[in-house]
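Input: a single structure, listed below in structure tokens.
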Amino acid sequence: MSHVWRPLFVALALVAGILIFRAFYVPKEFGIGEAGYMYGWHNPNNEQYWKDIKVKFQGSAYCKDCHSKNFTYIRNTPHAIIPCEDCHGPGMDHPGKIAKLPIDINRLLCLRCHAILKYPNSDRGKIRGINPATHQDPNVECVTCHDPHNPNLGALKKSGQRFPTYKLEAGAPEGKSAGGAKK
Amino acid sequence: MERRDFLKQTITIIAGAAIPASALEFINPKSLFAANGGNTRWVFLADTQKCVGCGFCVKACKLENEVPYDADITRTWVERYVICKDGKMRVEGNMSNPGFGINADSPKGGRDGFTTAKIEVGADKHVEIKDEDISKAFFVPKLCNQCDNPPCVQVCPVGATYKTGDGVVLVDRSWCIGCGYCVMGCPYGVRFFHPVYKVAEKCNFCYHRISKGMKTACVQSCPFGARQIGNLKDPNDPVTKVIMTGRVGVLKSEYGTKPQVYYLALDREVR
Numbered sequence: 000m001s002h003v004w005r006p007l008f009v010a011l012a013l014v015a016g017i018l019i020f021r022a023f024y025v026p027k028e029f030g031i032g033e034a035g036y037m038y039g040w041h042n043p044n045n046e047q048y049w050k051d052i053k054v055k056f057q058g059s060a061y062c063k064d065c066h067s068k069n070f071t072y073i074r075n076t077p078h079a080i081i082p083c084e085d086c087h088g089p090g091m092d093h094p095g096k097i098a099k100l101p102i103d104i105n106r107l108l109c110l111r112c113h114a115i116l117k118y119p120n121s122d123r124g125k126i127r128g129i130n131p132a133t134h135q136d137p138n139v140e141c142v143t144c145h146d147p148h149n150p151n152l153g154a155l156k157k158s159g160q161r162f163p164t165y166k167l168e169a170g171a172p173e174g175k176s177a178g179g180a181k182k
Numbered sequence: 000m001e002r003r004d005f006l007k008q009t010i011t012i013i014a015g016a017a018i019p020a021s022a023l024e025f026i027n028p029k030s031l032f033a034a035n036g037g038n039t040r041w042v043f044l045a046d047t048q049k050c051v052g053c054g055f056c057v058k059a060c061k062l063e064n065e066v067p068y069d070a071d072i073t074r075t076w077v078e079r080y081v082i083c084k085d086g087k088m089r090v091e092g093n094m095s096n097p098g099f100g101i102n103a104d105s106p107k108g109g110r111d112g113f114t115t116a117k118i119e120v121g122a123d124k125h126v127e128i129k130d131e132d133i134s135k136a137f138f139v140p141k142l143c144n145q146c147d148n149p150p151c152v153q154v155c156p157v158g159a160t161y162k163t164g165d166g167v168v169l170v171d172r173s174w175c176i177g178c179g180y181c182v183m184g185c186p187y188g189v190r191f192f193h194p195v196y197k198v199a200e201k202c203n204f205c206y207h208r209i210s211k212g213m214k215t216a217c218v219q220s221c222p223f224g225a226r227q228i229g230n231l232k233d234p235n236d237p238v239t240k241v242i243m244t245g246r247v248g249v250l251k252s253e254y255g256t257k258p259q260v261y262y263l264a265l266d267r268e269v270r
């Protein structure tokens, strides 16, 4: 056999080796799937991996039964559109592993919508806003004066009352002792 | 007719006929609606008028999908566009808008909302635009377009990323080799590397939620209804109705990717 042919055999052996490795290594489930060869070549078992990811945000309806008082209290206010978990955090493992959800009472949370931005092509321009630098004491949390579950400015001004009563109710499910809202 | 003219005209006609009609269609949700196979095609509808830039969607997405919270990566983000009356850019050297007169930013992907009129133009560099100078200003939510012709899937050399039967593009974490072709191939820049799994990562419409009949985390957390998800194959779906009968736009339709995130009140400045 001429030495000229040797590289060809080396190449053929390489190709054969790779094909054998591939046959063992690639799972049998690999296929073209519903989306066709160009876009669907995959291992269909992987779809289950993504379906099995744990759900963290439960939705406001999840809160309804235990916290019915706050759930209904907020319904007739402009803040009714805000899902509970936006401020209270994901309801996963609560109650149960996490007895009390941490409530975000940081000023920055309110400023997400209420820092004034007069943008003409966004509904942001229609939201009542404040200038965070000049509105009251920038070091004081908004919830010191404003009730996040009932942001009724008229009532706030009329009563002049600080530390609104909602704080006594916050956090605890009905029928249980009311705990402090902070931290 | 001369032989030369005959040949010329023949060539013209053949060349013209060779272009499929579909190549000239930039948006055609109807074809997807009528397409065979399956009874689900997930699509998204974002309203740039309703979006106020609160960023609750980005926060919820990061928590729901276990994307490291403080890393500068995110599956979805919110962009702010501010266009001045004089058409001039107040921002110099911003990569995302080289000289089009658009001031745009997305600090931390909008995770903490937009709490100041100052526009971020770099690390700790800001520029402020006066209210009276603004001609147009709005927010645009961005996420994976779950393209019907996903270029990220086409370029994957190992079949680690794929389109499911219901139209969502997923990544097989056990199979991705981290070559980054898909990160480069996506015209919308939605892909990145997950620092924990060390593989390509992307928005998948919260596949674990939509397959259980829930809404995506971003849709659920949006107080304003600026984000909606729907099934394009369901004629009674409110999202389908808007897409079929409303004035919707998509991003970068000229790439032929057939993106399935539809926008209401989309502006030509948005890319």
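As they're listed, the protein sequences go chains X and D. The numbers in the first sequence follow numbering that gives the first Met the number 0, run straight up by one, and end at 182. The numbers in the second sequence follow numbering that gives the first Met the number 0, run straight up by one, and end at 270. Heads up, the beta-carbon is just placed ideally off N, CA and C, and yes, glycines get one too.
Please list, in chain order, all residues of the same chain as residue i whose beta carbon is under 6 Å from its beta carbon, the five residues on each side excluded.
i: V167(D); result: W41, Q145, N203, F204, Y206
i: V139(D); result: T47, E78, V269
i: I31(X); result: G39, W40
i: A79(X); result: I73
i: E253(D); result: none
i: Y61(X); result: G90
For residue i, count neighbouring C-beta atoms within 10 Å of its own C-beta (all shown protein chains included) and say buried if the count is 16 or more, exposed if not.
i: D291(D); result: It is not possible to answer for residue 291(D), since the shown part of chain D is limited to 0 through 270.
i: S1(X); result: exposed
i: V195(D); result: exposed
i: N93(D); result: Below a pLDDT of 50, predicted positions are generally treated as unreliable, and N93(D), at 48, falls in that range; the measurement from the model is reported next regardless. By the neighbour-count rule (16 or more Cβ atoms within 10 Å), N93(D) is buried.
i: Q259(D); result: buried
i: D123(D); result: exposed
i: P234(D); result: exposed
i: K141(D); result: buried
i: G88(X); result: buried
i: G98(D); result: At G98(D), the pLDDT of 48 sits below 50, so the modelled position is not reliable and the matter cannot be decided from this model.
i: G158(D); result: buried
i: N42(X); result: buried
i: S59(X); result: buried
i: I242(D); result: buried
i: P101(X); result: exposed
i: A70(D); result: exposed
i: K29(D); result: exposed
i: G108(D); result: buried
i: P106(D); result: buried
i: V81(D); result: buried
i: L152(X); result: exposed
i: T163(D); result: buried
i: E84(X); result: buried
i: N7(X); result: Before going on, a small fix: residue 7(X) reads as Leu here, not Asn. Looking at its Cβ environment, which holds fewer than 16 other Cβ atoms inside 10 Å, L7(X) is exposed.
i: Y261(D); result: buried
Does DSSP put residue i in a helix, in a strand, or in coil?
i: K107(D); result: helix
i: R3(D); result: helix
i: Q153(D); result: helix
i: K55(X); result: coil
i: S220(D); result: helix
i: T75(D); result: coil
i: C181(D); result: helix
i: C10(D); result: One point to set straight first is that residue 10(D) is Ile, not Cys, in the sequence displayed. In the structure shown, I10(D) sits in a helix (DSSP, three-state: H, G or I).
i: G188(D); result: coil
i: K125(X); result: helix
i: N96(D); result: Low local confidence applies: a pLDDT of 47 at N96(D) is under 50, so the model's placement there is unreliable, and no value is given.
i: H125(D); result: strand
i: G255(D); result: coil
i: F70(X); result: helix
i: L7(X); result: helix
i: E200(D); result: strand
i: T160(D); result: strand
Interface residues of chain A around residue i at Cβ under 9 Å?
i: H207(D); result: Reference to chain A is not applicable here, since the protein chains of this structure are X and D.
Given residue i, which residues of its chain have a CB within under 7 Å of its CB, disregarding the five upstream and five downstream residues?
i: C181(D); result: C151, V154, C155, T160, R190, A199
i: K49(D); result: F223, G224, A225
i: G112(D); result: G52, C53, G54
i: L265(D); result: T47, G248
i: K197(D); result: G177
i: C141(X); result: R106, C109
i: S95(D); result: Low confidence applies to S95(D): its pLDDT is 48, below 50, so where it sits in the model is not reliable enough to give any reading.
i: T215(D); result: F204, C205, R208, I209, I228
i: Y68(D); result: K61
For residue i, which residues of its own chain have a beta-carbon under 8 Å away from its beta-carbon, when the five flanking residues on both sides are left out?
i: G128(X); result: C112, H113, A114, I115, L116
i: R26(X); result: The sequence given here has Pro at residue 26(X), not Arg. N42, N44.
i: A14(D); result: none
The stretch 38–58 of chain D touching the stretch 224–232 of chain D, judged by at least three CB pairs closer than 8 Å: Contact between the stretch 38–58 of chain D and the stretch 224–232 of chain D is present, because at least three Cβ pairs lie under 8 Å.
Alpha helix (DSSP H) runs contained entirely in the stretch 28–72 of chain D, provided each spans 4 or more residues: 28–33, 55–63
Segments of 4+ residues assigned as alpha helix (DSSP H) that fall wholly inside the stretch 11–68 of chain X: Fully enclosed alpha helix (DSSP H) runs of 4 or longer: 35–39, 45–50.
Contact between the stretch 60–70 of chain D and the stretch 42–61 of chain X (3+ Cβ pairs under 8 Å): Flag = yes, the stretch 60–70 of chain D and the stretch 42–61 of chain X touch.
Stretch pair the stretch 124–141 of chain X + the stretch 61–76 of chain X: three plus CB contacts closer than 8 Å: no
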